[in-house]
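>
Numbering (my numbering), first residue to last: 1 to 249.
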């Protein structure tokens, strides 16, 4: 019997290169993400994570290579490609003197597609901020601001959400709420996640697959359970250092 074709990736990074002031900071990286994955993009500060995410979301442009989102190139079909993406790159930016609902209403007015009041209330409910929707954002904890950022990313029904260091500085309760929310969105809403982080241990019970980046180069990529077995280690931190050691030999 002929095997069915494997479903195409929702995100493909193809030989992506970036130079800044004549120095190559991203060196021909490649990886792909399947629909439904919670995918970690992991490495230390300065490894090239945010630069890569900024290229994926077209905030900056690669010197060469391409990014395909649902098969659409960010070079040639950027509007179609990015219409499928919600993102928080670096820190979520909100007007602190406005309420959560007012901030999302402003974002909705800038969206490429029509966002209704019903949808605004719906995403606030999804991220468990329904009871805080009329509170000013300046009263929010960092974890609540991150969840509001995810609500903002959800407004236009994305199939892929990109989060840059979403757990950075979040307290243990906020971290637990964030992980629970991401898992719920992946399972119930069928949303794919690409999550960058240097906090490897915090990603252990969240990500199914990962790419490890160091010095602008992908040193390993794949299913986390399989990589742990291959490198004969028990946690992501030890796995990262084992991958680094292997890449140098």
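Cβ atoms here follow ideal geometry from the backbone N, Cα and C, with glycine treated the same way.
Assuming residue 71 is part of the beta strand (DSSP E), what are its boundary residues?
Residue 71 -> no beta strand (DSSP E), and no H or E assigned at all.
> Determine the contact status of residue 35 and residue 10, defining contact as a CB-CB distance below 8 Å.
Yes.
> Short of 7 Å in beta carbon distance, which residues of its chain neighbour residue 202, apart from the five on each side in sequence? Order them along the chain.
The residues are 167 and 175.
> DSSP on residue 1, reduced to helix/strand/coil?
Bear in mind that the predicted position of residue 1 carries a pLDDT of just 40, short of 50, making it too unreliable to give a figure here.
> Report the option in 149, 73, 99 and 241 whose CA atom is closest to the CA atom of residue 138.
Comparing Cα-Cα distances from residue 138 to each of 149, 73, 99 and 241, the minimum goes to 99.
> Counting along the chain, where does the alpha helix (DSSP H) carrying residue 149 start and finish?
Residues 142 to 154.
> Suppose contacts are defined by Cβ-Cβ distances below 8 Å. Is residue 49 in contact with residue 196 by that definition?
Yes, the pair counts as a contact, with Cβ atoms nearer than the cut-off.
> Quick one: using the 10 Å Cβ neighbour count with 16 as the cut-off for buried, is residue 118 buried or exposed?
Exposed.
> Using the Cα positions of residue 71 and residue 85, report the straight-line distance between them to the nearest angstrom.
Going from the Cα of residue 71 to the Cα of residue 85 covers about 13 Å.
> Just curious, the alpha helix (DSSP H) that residue 109 is in, first and last residue?
Looking at the DSSP string, the run of the alpha helix (DSSP H) that includes residue 109 is 100 to 110.
> So does the stretch 157 to 167 actually touch the stretch 87 to 95, counting three or more Cβ pairs closer than 8 Å?
Yes, the stretch 157 to 167 is in contact with the stretch 87 to 95.
> With a threshold of 6 Å on Cβ separation, who are the neighbours of residue 173 within its own chain once the five nearest residues in sequence on each side are excluded?
Taken in chain order, the list of residues that qualify is empty.
> Measuring alpha carbon to alpha carbon, tell me which residue in 67, 66 and 51 is nearest residue 60.
It is 51 whose Cα lies nearest to the Cα of residue 60.
> Tell me, which residues are paired with residue 13 by DSSP?
Looking at the DSSP assignment, residue 13 forms a beta bridge with 31 and 67.
> On a Cα-Cα basis, can you pick out the residue from 243, 214, 223 and 148 that is closest to residue 46?
Residue 214 is the option with its Cα nearest to residue 46.
> Pick helix, strand or coil for residue 90, following the three-state DSSP scheme.
Reduced to three states, the DSSP call for residue 90 is coil.
> Counting only the same chain and skipping the five closest in sequence on each side, list residues whose C-beta sits under 8 Å from that of residue 106.
Excluding residues within five positions, the ones whose Cβ falls inside 8 Å are 95 and 98.
> Give me the Cα-Cα distance between residue 5 and residue 91, rounded to the nearest whole angstrom.
For residue 5, the pLDDT reaches just 47, beneath the cut-off of 50, and the residue's location in the model is therefore unreliable, although a value from the coordinates is still provided. Rounded to whole angstroms, residue 5 to residue 91 spans 39 Å at the Cα level.
> For residue 192, which of 28, 32 and 22 has the nearest alpha-carbon?
With distances taken between Cα atoms, residue 192 lies closest to 32.
> Decide if the stretch 149 to 159 is in contact with the stretch 118 to 127; the criterion is three or more beta carbon pairs, one per stretch, under 8 Å apart.
At 8 Å Cβ cutoff, the stretches touch.
> Count the other CB atoms within 10 Å of the CB of residue 93; is the residue buried (16 or more) or exposed (fewer)?
Label assigned to residue 93: exposed.
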